[in-house]
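Take a look at the structure set out below.
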Amino acid sequence: MVLSKTASQSDVSVHSTFASRYVRDSLPRFKMPENSIPKEAAYQIINDELMLDGNPRLNLASFVTTWMEPECDKLIMDSINKNYVDMDEYPVTTELQNRCVNMIAHLFNAPLGDGETAIGVGTVGSSEAIMLAGLAFKRRWQNKMKALGKPCDKPNIVTGANVQVCWEKFARYFEVELKEVKLREGYYVMDPEKAVEMVDENTICVAAILGSTLNGEFEDVKRLNDLLVEKNKETGWDTPIHVDAASGGFIAPFLYPELEWDFRLPLVKSINVSGHKYGLVYAGIGWVIWRSKEDLPEELIFHINYLGADQPTFTLNFSKGSSQVIAQYYQLIRLGYEGYRNIMENCQENAMVLKAGLERTGRFNIVSKDNGVPLVAFSLKDNSSHNEFEISETLRRFGWIVPAYTMPPDAQHVTVLRVVIREDFSRTLAERLVLDIEKVLHELDMLPSRVTEKLTGGNAPVVPVEEHHPAVVKKTAIEVQREITAAWRKFVADRKKTNGVC
Amino acid sequence: MVVTTTTSASDEHLHCTFASRYARTSLPRFKIPDGSMPKEAAYQIVNDELMLDGNPRLNLASFVTTWMEPECDKLIKESINKNYVDMDEYPVTTELQNRCVNMIAHLFHAPVGDDETAIGVGTVGSSEAIMLAGLAFKRKWQAKRKAEGKPYDKPNIVTGANVQVCWEKFARYFEVELKEVKLREGYYVMDPAQAVEMVDENTICVAAILGSTLTGEFEDVKLLNELLTKKNKETGWNTPIHVDAASGGFIAPFLYPELEWDFRLPLVKSINVSGHKYGLVYAGVGWVVWRSTDDLPDELVFHINYLGSDQPTFTLNFSKGSCQIIAQYYQFIRLGFEGYKNIMENCMENARLLKEGITKTGRFEILSKDIGVPLVAFSLKDDSKYTVFQISESLRRFGWIVPAYTMPPNAEHVAVLRVVIREDFSHSLAERLVSDIEKVVRELDDLPPRASVKTAHVTVDDLHRGKAEHPHLKKSISETERDICSYWRRISDKKTSGVC
């Protein structure tokens, strides 16, 4: 007779995940663990930790798409194991990219014949797209200066101080000077006149933004083009324009088709757009389109020879996933022109609903314009007792992620809250957000102010910190601490980019 | 009485997908279509076209992972809508990246304390990783030259001609000269002695490859380190080393732990590795690790201030997906050291099996070494009747994608077929591949040759004899044509062997 044994402790696979020992061990942080663990345990442990991440759909800070149709999710998962760069092995995927480039080039009115292929490429995001475009400008300018026998060691780019951080990266990594046109209160985009003034013979291009990160405004590219054409006539420098249409590129053609900002303007030589913003694809795809072959120096293009086929490529990244390219094509044919227009109109409408709700509270100034990227940027009319950062923190408790930023120089004293309206931000959510903001305001009103209070009496009105009051006010230690911290934070933040998010 | 009408053509959603008109219209290629179409139709149409792509798992050309466990697929699907760069919104995902960096740094014996955080970052692939590492070297070297009052306008990098195309990209885009150590027949990696010879005062670093793309060989980083240390003592230039361990970084620590190639060698200042190769994650993640904070100039690091917290970042890409980073962490904790070791041992075993099967046909010469990345690179002993390119084409019919390449200078006359053994290439698949190769070879034997029998092709054997001793042969027209084409191809393409 064989004595049966009960399952021993080593028979781990029998335990349900939460019964196993794996939920009792601390997860490794610094070194790879020696042993394997069952896949169910690995899945559960990671999944559980990730529950503490924010909910992407409630992340109102980001322009980047957070929802796609289930059919598209299926296409994405089916292609998750395709390496995009294997062009010869996956020719259809490569062709889908080419079709997307053509479609986007036509959307931007690139001067192409009907069967002519456009010059452009899919990238991992607008950062890569901008670096490629900037590289093309730099090389063209260097060639031009060399041909003229002039020095080519001090290239610069003219752009607004509202520019996204990737321009600063481009400048720093590729050794180009960044000449920023400062903003001012009430005017939070690049002033075309000031920009053209700053152009000199070392300027490789002027970069205009269609859809400023901070308040969604479209810069006046047409005006910039007209002024720059004039200056070029005088100087003969032939300075071109690049339009950073990361957000606006998939909005303007559908909502404002008469707005001239793209290749219809002769000085615009390249445009970048984020497929993962209003192109309505998940994070990981951008596009850059050049006007014509001349605008992309041949020496930057690599000709990879795979199995006999010549593949010209110009990207910084090599291996990467294919899913987002396929998803972009899906969106372009699934939605078509009418679909994109409907979605943008809905976003615009919901932005108006949110804006109206905020205005109704009577506590906010709306900093964003109606025309532009569908977002609402607003600041407190009176931020003496509580500021926008506190509102942002308190909203987190309700689940909303609404960021607060200070404006870049010279408007650093202005702080805004910004809500981006994406495709999946419905009217009901907008109304709920307004309700929650009202709750937050109500709560904060009840709390004592974090700034100095006059000690002349409990009912004395609170004065703004900037005003100088003749009476001597005694500060408590914690208030002094807080003021020092706030000043230091502002000092550190000002030295870097305080509003660097896309 | 209401006269009922039958559903009209406009009532699209009733039609099954293949009955609808969408299966009849040509898909747009140049312009965005004016109208929308139902999502089922869009899905079906795109899915059907994609059927004509190669099967990723039969793509034996690529090192990049093509299979992951369903649990990991689930994690990926759930995080597909997370934008990695929103660090403040997704703090756990950011922390997972940091944990991966620490684990990889320890794997490479970075001189960090047990609880100290390592200096490194997750990238989209080794291309971005190499550009970041190169940028760090360039900036350090420039700062050094400026301090010495010397010119700093002509930086260069020394590397082997077997280097992957992203080094050429780095050189061209960041305006650094690429000094390549030429290969020679029988020696398909960078020769450390020749490399050190080429180092001058403008050299920002020497780049060694652990796991050459072409033959999978590991370069002798230890010898390079010794020779370079000696030269540095003489010259005082302090030239550092970067190890491009894109493939080898996740193999050497598990299969050859005694092999000294990483931070154990003092001159190695940064290492890159592809998470999506033998890190066993789908395409889209790479890692670069620096030895210490000194090796990464602070001016390159951007301090983004999000909602009050300081986030230092050094990447080229900004927004990107999070799923590959989460998948990498999953693999680290799921497999652990023992799991990775088991998988690599299986790969080596299957590579050996394939190698034996190919050798047994008697037609091929094996160029890859036993020690290195698990792949088999082989060339035809006699390519007078047909070439490896034809074998590659014929294998496609069976479903296999096996690429054929010519070697870089100065061994361009050598053409190889290369099969990469990944985690999901099992014993049975290896046996099947061998039998299909045998079939193909038999088929090609029976066909009339594409070229005339008397040909001016120089075979590998001829070169072994030292000198081609062909009499003057009359070339046929197609022969001449082909020679012109291959010569032209060689000069017009910078990289004929450029695949990762």
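Order-wise, the sequence lines are chains A and B.
Using our numbering, the first residue of the first sequence is number 1, and each one after it goes up by one.
Using our numbering, the first residue of the second sequence is number 503, and each one after it goes up by one.
Built from N, CA and C at the ideal position, the CB exists for glycine as well.
* Can residue 691 of chain B and residue 731 of chain B be called in contact, C-beta distance under 9 Å? -> Here residue 691 of chain B refers to the residue found at position 189 when the second sequence is read from its first residue. Here residue 731 of chain B refers to the residue found at position 229 when the second sequence is read from its first residue. Not a contact, by the Cβ cut-off of 9 Å.
* If we ignore side chains and look at the alpha-carbon of each, how far apart do residue 698 of chain B and residue 798 of chain B end up? -> Mapped onto the second sequence, residue 698 of chain B falls at position 196. Mapped onto the second sequence, residue 798 of chain B falls at position 296. C-alpha of residue 698 of chain B to C-alpha of residue 798 of chain B: approximately 24 Å in a straight line.
* Asked: Under a Cβ-count criterion, where at least 16 other Cβ atoms within 10 Å of its own Cβ denotes burial, should residue 123 of chain A be classed as buried or exposed?
  -> On the first sequence, position 123 is the one that residue 123 of chain A refers to. It counts as buried.
* **Within 9 Å of chain B by C-beta, residues of the segment 70–93 of chain A in sequence order** => Listed in sequence order: 70, 71, 72, 73, 74, 75, 76, 77, 78, 79, 80, 81, 82, 83, 84, 85, 86, 88, 89, 90, 91, 92, 93.
* Closest to residue 153 of chain A by CA distance: which of A/165, A/133, A/176 is it? -> Sequence index remark: in the first sequence, residue 153 of chain A carries index 153 (1-based). The shortest Cα separation from residue 153 of chain A among A/165, A/133, A/176 belongs to A/176.
* Any residues in the segment 849–863 of chain B with a beta carbon nearer than 9 Å to a beta carbon of chain A? Which ones, in chain order? -> Residues of the segment 849–863 of chain B whose Cβ lies closer than 9 Å to any Cβ of chain A: none.
* Looking at the C-beta of residue 522 of chain B, does it have a partner C-beta in chain A at a distance below 9 Å? -> Start at 1 with the first residue of the second sequence, and residue 522 of chain B comes out as number 20. Not closer than 9 Å to any Cβ of chain A, the Cβ of residue 522 of chain B fails to qualify, so no.
* Does any C-beta atom of chain D lie closer than 9 Å to the C-beta of residue 669 of chain B? -> Any reference to chain D falls outside this structure, whose protein chains are A and B.
* Simplified DSSP assignment, three categories, for residue 616 of chain B -> Stepping through the second sequence from its first residue, residue 616 of chain B is reached at position 114. Note: residue 616 of chain B maps to coil in three-state DSSP.
* When the cut-off is 9 Å and only beta carbons count, does residue 974 of chain B lie next to chain A? -> Reading the second sequence from its first residue, position 472 is the one you call residue 974 of chain B. Bear in mind that the predicted position of residue 974 of chain B carries a pLDDT of just 43, short of 50, making it unreliable; the figure below should be weighed with that in mind. Chain A contact via Cβ: absent.
* **Classification of residue 18 of chain A by the beta-carbon crowding that lies within 10 angstroms, buried from 16 upward** => The sequence position of residue 18 of chain A within the first sequence is 18, counting from 1. For residue 18 of chain A, the number of other beta carbons within 10 angstroms of its own is below 16, and it is reported as exposed.
* Is residue 420 of chain A close to chain B, meaning its C-beta is less than 9 Å from at least one C-beta of that chain? -> Within the first sequence, the letter at position 420 stands for residue 420 of chain A. No, residue 420 of chain A does not count as interfacial toward chain B.
* For the beta strand (DSSP E) holding residue 184 of chain A, just list the boundary residues, first then last. => In the first sequence, residue 184 of chain A corresponds to position 184, counting from 1. In the DSSP assignment, residue 184 of chain A falls outside any beta strand (DSSP E), carrying neither H nor E.
* Own chain partners of residue 301 of chain A with C-beta closer than 8 Å, once the 5 adjacent residues on each side are dropped -> In the first sequence, counting from the first residue as 1, residue 301 of chain A sits at position 301. Cβ neighbours of residue 301 of chain A beyond the five flanking positions: 312, 313, 314.
* Asked: Considering only C-alpha positions, which residue in the set A/279, A/288, A/283, A/276 is nearest to residue 262 of chain A?
  -> In the first sequence, residue 262 of chain A corresponds to position 262, counting from 1. When each option's Cα is compared against that of residue 262 of chain A, the closest is A/288.
* Assigned exposure category for residue 187 of chain A - 16 Cβ within 10 Å defines buried -> Along the first sequence, read from residue 1 onward, the residue named residue 187 of chain A stands at position 187. It is exposed - the Cβ of residue 187 of chain A has fewer than 16 other Cβ atoms within 10 Å.
* Uninterrupted beta strand (DSSP E) stretches inside the segment 370–448 of chain A (no shorter than 3 residues) -> Listed in chain order, they are 375–380, 404–406, 415–420.
* Please list the residues of the segment 759–792 of chain B that have a C-beta atom closer than 9 Å to any C-beta atom in chain A, keeping them in chain order. => Under the 9 Å Cβ criterion, the segment 759–792 of chain B contributes 776, 778, 779, 784, 785, 786, 788.
* Asked: residue 583 of chain B touches chain A at which residues, Cβ-Cβ below 9 Å?
  -> Translated into the one-based positions of the second sequence, residue 583 of chain B becomes position 81. Within chain A, the residues near residue 583 of chain B are 56, 57, 64, 65, 66, 67, 68, 282, 283.
* Asked: Near residue 488 of chain A, what residues of its chain come up, given a Cβ to Cβ distance below 7 Å and the 5 sequence neighbours on each side ignored?
  -> One-based indexing of the first sequence puts residue 488 of chain A at position 488. Once the five neighbours on either side are set aside, residue 488 of chain A has no close Cβ partner at all.
* Contacting positions in the segment 732–753 of chain B - beta carbon closer than 8 Å to chain A -> Within the segment 732–753 of chain B, no residue has a Cβ that lies closer than 8 Å to any Cβ of chain A.
* To do: Compare the C-alpha of residue 162 of chain A against each of A/146, A/147, A/184, A/189 and name the closest.
  => The residue you call residue 162 of chain A lines up with position 162 of the first sequence. With distances taken between CA atoms, residue 162 of chain A lies nearest to A/189 out of A/146, A/147, A/184, A/189.
* Asked: Does the beta carbon of residue 633 of chain B come closer than 9 Å to any beta carbon on chain A?
  -> Within the second sequence, the letter at position 131 stands for residue 633 of chain B. So yes, residue 633 of chain B belongs to the interface.
* **Buried or exposed (CB count within 10 angstroms, at least 16 for buried), residue 320 of chain A** => Taking the first sequence and counting its residues from 1, the one referred to as residue 320 of chain A is at position 320. Here residue 320 of chain A is buried, its C-beta having at least 16 other C-beta atoms within 10 Å.
* Name, going along the chain, the residues of the segment 528–545 of chain B whose beta-carbon falls closer than 7 Å to a beta-carbon of chain A. => Answer in chain order: 529, 530, 531, 532, 533, 534, 535, 536, 537, 538, 539, 541, 542, 544, 545.
* Asked: For residue 150 of chain A, does the three-state DSSP call read helix, strand or coil?
  -> Here residue 150 of chain A corresponds to residue number 150 of the first sequence, with the count starting at 1. Reduced to three states, the DSSP call for residue 150 of chain A is coil.
* Please work out which residues of its chain come closer than 7 Å, Cβ to Cβ, to residue 866 of chain B, disregarding the five sequence neighbours upstream and downstream, and give them in chain order. => Along the second sequence, one-based indexing puts residue 866 of chain B at 364. Sequence-distant partners of residue 866 of chain B (beyond 5 residues in either direction) whose C-beta falls short of 7 Å from its own C-beta, in its chain, are 860, 880, 881, 882, 883.
* **Residues near residue 265 of chain A in its chain [Cβ-Cβ closer than 8 Å; skip 5 each side]** => As a first step, residue 265 of chain A is located in the first sequence; it is residue number 265 there, counting from the start. Taken in chain order, the residues that qualify are 221, 222, 225, 241.
* Asked: Any idea which residues DSSP pairs residue 244 of chain A with across the strands?
  -> Along the first sequence, read from residue 1 onward, the residue named residue 244 of chain A stands at position 244. Answer is A/209, A/272, bridged to residue 244 of chain A.
* Asked: Going along chain A, which residues have a C-beta under 9 Å from residue 654 of chain B?
  -> Walking along the second sequence from the start, residue 654 of chain B turns up at place 152. One finds nothing in chain A with a Cβ atom closer than 9 Å to the Cβ of residue 654 of chain B; even the nearest lies about 11 Å away.
* To do: Answer with yes or no whether the minimum CB distance from residue 605 of chain B to chain A is below 9 Å.
  => The residue given as residue 605 of chain B occupies position 103 in the second sequence. The Cβ of residue 605 of chain B sits closer than 9 Å to at least one Cβ of chain A.
* Residues bridged to residue 866 of chain B (per DSSP) -> Position 364 of the second sequence, counting from 1, holds the residue named residue 866 of chain B. Answer is B/882, bridged to residue 866 of chain B.
* Using only alpha-carbon positions, find the residue among A/381, A/212, A/104, A/409 that is nearest to residue 244 of chain A. => For this step, residue 244 of chain A is matched to residue 244 along the first sequence. The shortest Cα separation from residue 244 of chain A among A/381, A/212, A/104, A/409 belongs to A/212.
* What whole-angstrom Cβ distance do residue 399 of chain A and residue 58 of chain A have, given they're in contact under 8 Å? -> Taking the first sequence and counting its residues from 1, the one referred to as residue 399 of chain A is at position 399. Taking the first sequence and counting its residues from 1, the one referred to as residue 58 of chain A is at position 58. The pair is a contact, with the Cβ atoms about 5 Å apart (cut-off 8 Å).
* Using 8 Å as the Cβ pair cut-off and three pairs as the minimum, do the segment 363–370 of chain A and the segment 194–211 of chain A touch? -> The segment 363–370 of chain A, when compared against the segment 194–211 of chain A, does not touch it at the 8 Å Cβ threshold.
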